[in-house]
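2 protein chains.
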Amino acid sequence: MRSDDDSLSQLFAALANPTRRAILERLAEGEATVNELAEPFDMSLPAISRHIRVLEETGLISQGQRAQYRPCTLDARPLREVAKWTEQYREIWEARFDRMDDYIRQLESKEKEHE
Amino acid sequence: MRSDDDSLSQLFAALANPTRRAILERLAEGEATVNELAEPFDMSLPAISRHIRVLEETGLISQGQRAQYRPCTLDARPLREVAKWTEQYREIWEARFDRMDDYIRQLESKEKEHE
């Protein structure tokens, strides 16, 4: 196992949770405090803080150091690795969707012949 | 939580493992039996079978039905959803990398002034 495998596994694991993805989506609009991030969720502050910590460990968010006001900020750069990994398969899935399209068109033209 | 959130979480969780990603990479080259997939890993057949089952549940691979020879086949189509989700953030991470480039260039030109 290479070390980049580890960080990719950690990233995918962090993204495998709808609350954590929603936190990233919120932060894409601008920085927010933990309280602000907790608002839309029916979840305790400690639970939200745990999600934030998981995201922090991947480098996807960072938290300010000012004592009273420590906003969270999105850093989407680690997602470039996710995109790179996924893109390797684009040709394969596009070919599969194209074959589906061809097959549907074949079925449609046969259907017309019967009419 | 919407149902598409669930399938995305399941996909990300399935990808959060280097062995499962290696299985997908192997299958991108062509179909393979469970024995063939197990070969490069120091892992028992039941352990490999469990990974295959996780990937099957996401729709990323399917297993043939012929009794003796049941090859696994890659179906990369679910990865389109992963790519779509990730692409929302491309502008954000590219802007961040651009700012890093600008900053490095600034530092370099300051460095030259000192020389």
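Taken in order, these protein sequences are the chains called A and B.
So for the first sequence, this note's numbering puts the first residue at 4; every next one is plus one.
So for the second sequence, this note's numbering puts the first residue at 4; every next one is plus one.
Note that the Cβ used here is the ideal one computed from N, Cα and C, for glycine as well.
These numbers come from a predicted model, not from an experiment.
What's the C-alpha gap between residue i and residue j?
i	j	result
A:Phe-100	B:Ala-41	29 Å
A:Leu-14	B:Thr-89	12 Å
A:Ala-79	A:Ser-10	14 Å
A:Tyr-106	A:Lys-113	11 Å
B:Gly-67	B:Cys-75	6 Å
B:Val-12	B:Glu-84	In the sequence on display, residue 12 of chain B carries Ser and not Val. Cα-Cα distance, rounded: 11 Å.
A:Arg-5	B:Glu-28	Interpretation of A:Arg-5 is limited by its pLDDT of 47, a score under 50 that renders its predicted location unreliable; the figure taken from the coordinates is listed afterwards. Rounded to whole angstroms, A:Arg-5 to B:Glu-28 spans 15 Å at the Cα level.
B:Glu-59	B:Ser-65	6 Å
B:Asn-38	B:Glu-111	55 Å
A:Thr-22	A:Thr-36	16 Å
A:Glu-34	A:Asp-104	43 Å
A:Arg-109	A:Lys-115	The question names Arg, but residue 109 of chain A is Gln in the sequence shown. Going from the Cα of A:Gln-109 to the Cα of A:Lys-115 covers about 10 Å.
A:Arg-102	A:Arg-53	44 Å
A:Ala-86	B:Met-46	29 Å
B:Glu-97	A:His-117	53 Å
B:Glu-32	B:Leu-63	14 Å
B:Ala-16	B:Ile-26	15 Å
A:Gly-61	B:Asn-20	With the sequence shown as reference, residue 61 of chain A is identified as Thr, and Gly is not the correct amino acid for it. Near 15 Å, if we compare the C-alpha coordinates of B:Asn-20 and A:Thr-61.
B:Val-57	A:Val-57	23 Å
Taking the beta strand (DSSP E) that residue i falls in, what are its first and last residues?
i	result
B:Gln-66	64 to 66
With C-beta atoms as the reference, is residue i less than 8 Å away from residue j?
i	j	result
B:Phe-44	B:Ile-51	yes
A:Arg-24	A:Leu-30	no
B:Arg-95	A:Leu-77	Residue 95 of chain B is actually Ile in this sequence, not Arg. The answer is yes: Cβ separation under 8 Å.
B:Tyr-92	A:Leu-82	yes
Could you spell out the range, first to last residue, of the alpha helix (DSSP H) harbouring residue i?
i	result
B:Thr-89	82 to 90
A:Phe-100	93 to 117
A:Ala-50	48 to 60
B:Ala-19	First-last for B:Ala-19: undefined, no H or E at that position.
According to DSSP, which residues form a beta bridge with residue i?
i	result
A:Ala-35	A:Cys-75
What residues from the segment 89 to 111 of chain A come within 8 Å of chain D, judged by C-beta to C-beta, listed N to C? Absent from the structure: chain D. Protein chains present are A and B.
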